[in-house]
Amino acid sequence: MSSRLKYLFKFFIPFIIFLIALFISYKNYTPGTFLLGWDSLHPEFDFKLNLARVFSGVWREDQGIGALASHSHMADVSRIVLLWIESFFLPQNMLRYSYIFLCLILGPLGFYFFFDYALNKKKTFGGSLASFLASIFYLLNLTILQHFFVPFEMFPAQFAFLPWVFLFVLKYLKEGKKKNLFLFSFMSFLASPQAYASALYWAFLASFLGFLFFYFILDRKKETLKKALLLFVCQILVNSYWLLPNLYGVFSGSAKTIVNARINQLFSPEAFIRNEEYGTWKDLILGKNFLFDWRAFDFKANTFSDLMALWNNYLEKPWVKEIGYFFFTVSLFGFVISLFKREKVSFAFLSVLIITLFFLQNLNGPLGFVYQILVDRFEIFREGFRMPFTKFSILYQFVLSFYFGAFFFYLFNLLSKNRWLRVFNLIVSFAILASLVYFMKPVFEGHFISDVVRRPLPTEYLMLFDYFKSREGRIAVFPVYSLWGWEYHNWGYEGSGFLGFGLNNPLLVRDYDRWSPYNETFYNEASNVLYKYNLVDLDKDGPCQGKKECEERKKAKEKIEEWNLKVVNEFENVLSKYNVSYLLLDESILNAGGDEKLLFIPQIKDLISHSSGIKEAAKFGFLTIYEFSGASSDSVQAPKEYVKVDANLTYSKYDPIYQKYGEYINYQEREGKITGYPFVNFDPRGDVKISLRKTIDGQNQLVFENNRMNAKVVLPVSEAIEEKFGEDQGFKEGYNCDLKKKGTAIKNRLAKGNFYAALEGGVSCDWFYYPQVSRSKAYVLRIKGKNLKGRSLKIYFQNLRTGRMDLEELLPQGSFDSYFVIFPTEPDLSEAGSQELIFGVQPGYTLNVETRSFGRIASENIVEDITFIPIDIDWLYQITSLSGDAPQEAKNNLQIASYKKYSTWGYKVETLGDGVLKLAQGYDEGWIALEIPNSKLQITNIKLLEHNMINSWANGWAVQTSVDRLSAVGSQVEIDSRKLTADRNTVLVFYWPQFLEWGGFAIGFLVFLVLIAGMLKTSRKS
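Its first residue numbered 420, the sequence shown is counted upward by one per residue in our numbering.
Structural data, given as structure tokens:
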């Protein structure tokens, strides 16, 4: 090839790649819309706010009551800065589009330069063609499609920067030069958004280390080992600003919080099974995974339909799948040839291939037993890699594309030895390009990014953002009809939410429940109380007839009114407990595919109208803002009065202690001095374990046991309601409740219980109706059975008045004997006549059971026993560890003179007197308080204050100046006003893990300074 032609191809082929990617971007943009929905990040709603959050990002104050950053939000800093610069030139709605499209362009361009450098050392014409085909294959495949179809920034970021990172890895390994090390470090920093969910980064790091190790094994030079170690060190140091906080989270136990979250307990097992279903060679060859079987809500049809229906249909067209199989075969041949050639780069990528296949095949591969051991033994592994496709598929496609290009590189170089066969290289290249275009034809028709996430944003939300720019205080979003953090709005939105990116205020929404147990506890308490509210019109069928009926109706009305007033008070107490200043009612929210009455919007409005503390503050279309006067918006507080108790209310549905006493301090029992409440929380994740046992004479007893507090209650079982499994309950035969009736559902009646099976994507559903289970009483629900295969039994316990699932649980694998407490949700109207007729709705509850299969992964379950045992829950609440002694209310002798807040991480508090200081942020051991007596400024007098929990969620410290700290907390002694000045202290409250991020930034900055200095020194010498 002439030098002029070589020069032309040096720019021509990258320009063609750029044009192809640009055309795809153009076809996948809808003017006037935001790229909004699914999992998405939107710093463009407020750059100042979101930049502040990433630079002080270890404590996420905005996430409900506040939580340690489980996602590495700070890793997104490079992307946010880039978007901020773009915001001076692009309209707001185009900013997220621009980053996704930039990634779409940078990925194949980077791959072209990487491959051309790795193999095409002589810069041959055939080698350039092979580099071109490899880069286009890296872009046009089903694997990458799934990462852009409903894009989440971290995946496009990895796709874009992975080739550039490996390009400069190779350049440094082969050439050395500080410039290459600098560019590697810089690209690693630009790639850091891939670490938003750190498991994706750990997958990359494992592959990166594997590549370096295999490269060294083949090279066996001491200099190569030094370079590899330096690359690894730079990679870690450049990312240390988010890595250090992330490691703190891992070792501080945040993984336990994530694993225990109800959302994850229900979703994670299903997510893993979905990935297991697609972990076979049939799907790995094509690059298909769970999104091809996922369903999105069709707002026009008011039902769920396949998210990728168009693609599923297209893959059934002639030759489409066959072309996909052919491409994989080409990659396979390229892999084999590369091994025979013993080319170092090709051999080094063998390690990446092994790692990615281990995870993508998971339980299906030859090392499936090893994977099962890791899943069983390590919770963090099970949760972090519940969806291995999302973590390893881009790396897998990267390697496949490399071997795909390697095949053509060796083929074209072989053919180029004959002048007449060189033309054949061009013909083959055009044929392969045409095949790639045909294989991914819908991409060029605007289906690389789904219409589901191209939506206009209603202006009401922008008005909402503006309204709260000057207002502080925690916001709770309503309705709270479901525990799931996935939202549906009637203007076409489906996703995990976006309000937090435009609101400076802490926001209580379900998506944040995964990151803090106290966020989930708020939802449990708020929704449990709210759905007790009874908005009924007893006269809707006409006036009463006769004296008796009128008297009964009058009594019922009085009972309901009394009940509702109690509910209003309890609801206000929940808001006070969690320092909620505002309620946001979003009437655009849908109960997708279900009854709208479940949203409870009329009841919410009626409850608010009867509250003296909640008033409407503003209204923007379908958004209504209410302000609650019963909670302080101050982060730092000094409760006026409180009690000291030993109680674990985490995940509870009701807090009888706060409802009765108000503010309280949580202590572990201290030599019998603290009143303990062992039976106030019946969540299975709590301290109380429930069981049934038989006495010697065969009588059943119900046992409540709290081992932590060494407390046990044994109750006789009476009036139990036991399921007989008769033909009057449930479907007569297996009923498939899959929307598309895929697969098969089986139901067999056994001598004791029912057998359920689901196959080939079928869902076996059944129901049990219990009109005799009163909604005005509390019960223990016992369910016993066996999970024989696949996903275990899932239960939905539906309240027939509200339509709400008062319970949604996934039962354990294997044999299970599970117990759940059912809380009363209605007033007892037995004295006013027939409760059921008065309410005009079905009495009782329905228990729905579900056995679900996932494609070829079948499920089988047996239900052996269903029993409802009535209990006196109020009596259990009152049991204490001090023989019935009630806790003594104490007056707080601490006053807050002033305080200054430093971002999300610190407070300087000026206090007067002794007592309890409260920080209205989620309890975390990382919060530290130091007391500095004003009269004794020596550093030796600085005291680390005792850290306690307040109200089962907030941080608290005992502040004292002159007496023993424990005795000062709760002291009844009034402060002598003359001593206030002498007792004035400064308390520094700060979240110490924040310094890990800042330390990481400093380290990264120093790394770049050293590298730049080295480059300048080298340039001076040259």
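By construction, the Cβ of each residue, glycine as well, lies at the ideal position given by its N, Cα and C atoms. Everything numeric in this text was worked out from a predicted model, so none of it was measured.
Going along the chain, which residues of its own chain have a beta-carbon closer than 6 Å to the beta-carbon of residue i, five neighbours each way excluded?
i: A1130; result: P1097
i: T1323; result: S475, W478 and E480
i: L1295; result: F1098
i: K996; result: Y1077 and N1370
i: G1040; result: E879
i: L1361; result: According to the sequence displayed, residue 1361 carries Ile and not Leu. Around I1361: L1349 and I1351.
i: M882; result: F1039
i: S1390; result: Because the pLDDT of S1390 is 46, which lies under 50, any placement of that residue in the model is unreliable, and the number read from its coordinates should be weighed accordingly. Nothing meets the Cβ criterion.
i: I894; result: N924, L926, Y1001 and L1003
Would a C-beta distance cut-off of 7 Å place residue i and residue j closer than the cut-off?
i: Y1452; j: V1192; result: Because the chain spans 420 through 1441 in this model, residue 1452 falls outside it and cannot be assessed.
i: Q896; j: A537; result: The residue you asked about is not Gln; residue 896 is Val in the sequence shown. No. Outside cutoff.
i: G1419; j: Y660; result: yes
i: V1062; j: E1308; result: yes
i: Y516; j: I436; result: no
i: S889; j: G904; result: no
i: S935; j: Y822; result: no
i: F580; j: S770; result: no
i: F533; j: F585; result: yes
i: P1306; j: V1064; result: yes
i: F612; j: L528; result: Residue identity check: residue 612 is Pro in the sequence provided, not Phe. Cβ distance not < 7 Å, so P612 and L528 don't count as in contact.
i: G921; j: F464; result: yes
i: A1046; j: A1036; result: Position check: residue 1046 holds Glu in this sequence, whereas Ala was assumed. Result yes, Cβ atoms of E1046 and A1036 sit closer than 7 Å.
i: I1347; j: T1330; result: no
i: S1300; j: D1247; result: no
i: Y907; j: A1011; result: yes
i: N1206; j: N1280; result: yes
i: K1203; j: D1284; result: yes
i: F797; j: L786; result: no
Just reading off the beta strand (DSSP E) that residue i is part of, what are its end residues?
i: K1038; result: I1033 to F1039
i: C969; result: Element bounds for C969: not the beta strand (DSSP E) but the alpha helix (DSSP H), K966 to K996.
i: F709; result: Neither: F709 is in no beta strand (DSSP E) and is coded neither H nor E.
i: D1236; result: S1234 to I1241
i: Y1410; result: N1404 to Y1410
i: L1200; result: A1197 to K1208
i: M1368; result: H1366 to I1369
Following the continuous alpha helix (DSSP H) through residue i, name the residue where it begins and the one where it ends.
i: D930; result: No alpha helix (DSSP H) contains D930, which DSSP labels as neither H nor E.
i: W738; result: Here W738 belongs to no alpha helix (DSSP H), and DSSP marks it neither H nor E.
i: C522; result: L514 to A537
i: E939; result: P936 to L949
i: H566; result: L561 to F568
i: A879; result: Ala is not the amino acid found at residue 879; the sequence shown has Glu there. From DSSP, the alpha helix (DSSP H) with E879 extends over T878 to Y886.
i: G1332; result: First-last for G1332: G1325 to G1332, but that is the beta strand (DSSP E), not the alpha helix (DSSP H).
Tell me which same chain residues have a C-beta within less than 8 Å of the C-beta of residue i, skipping the five on either side of it?
i: R1397; result: Reliability fails at R1397, whose pLDDT of 47 lies under 50, so the model's placement of it is uncertain and no value is given.
i: V872; result: L454, L455, G456, W457, S459, V569, P570 and G914
i: S1386; result: Here the model assigns S1386 a pLDDT of 42, short of 50, so the residue's position is not dependable and the matter cannot be decided.
i: M1434; result: K597, K598 and F601
i: L438; result: none
In chain order, what residues of the same chain have a beta carbon less than 7 Å from the beta carbon of residue i, not counting five sequence neighbours either side?
i: R1112; result: Q1120 and V1122
i: A616; result: H490 and M573
i: L1256; result: A caution first: L1256 carries a pLDDT of 47, below 50, which makes its placement in the model too unreliable to give a value.
i: F1150; result: K1166 and D1185
Complete alpha helix (DSSP H) runs within the region 806-858 (minimum length 4 residues, chain order): 807-834 and 841-858
How about the region 541-555 and the region 838-850: do they share at least three Cβ pairs that are nearer than 8 Å? yes
What are the complete beta strand (DSSP E) segments, minimum 3 residues, inside the region 1033-1085? 1033-1039, 1042-1047, 1060-1065 and 1083-1085
Quick check on the DSSP output: what are the complete beta strand (DSSP E) runs of length 3 or more inside the region 1254-1297, in order along the chain? 1264-1271 and 1278-1290
Would you say the region 754-770 touches the region 663-673, given that touching needs at least three Cβ pairs under 8 Å? no
Below 8 Å, how does it come out for the region 647-660 and the region 1168-1182: are there three or more Cβ pairs, yes or no? no
Pairs of beta-carbons, one from the region 1152-1163 and one from the region 1232-1245, closer than 8 Å: are there three or more? no
Could you say if the region 1206-1217 and the region 1263-1283 meet the contact criterion of at least three C-beta pairs nearer than 8 Å? yes
Counting only runs that start and end within the region 644-708, where is the alpha helix (DSSP H) found for 4 or more residues in a row? 659-671, 673-679, 681-696 and 700-705
In chain order, which continuous runs of the alpha helix (DSSP H) of length 4 or greater are located wholly inside the region 717-784? 728-734, 739-760 and 763-780
Three CB pairs or more closer than 8 Å across the region 1102-1118 and the region 1316-1334: no
Contact between the region 494-504 and the region 948-962 is defined here as three or more beta-carbon pairs at a separation below 8 Å; is this criterion met? no
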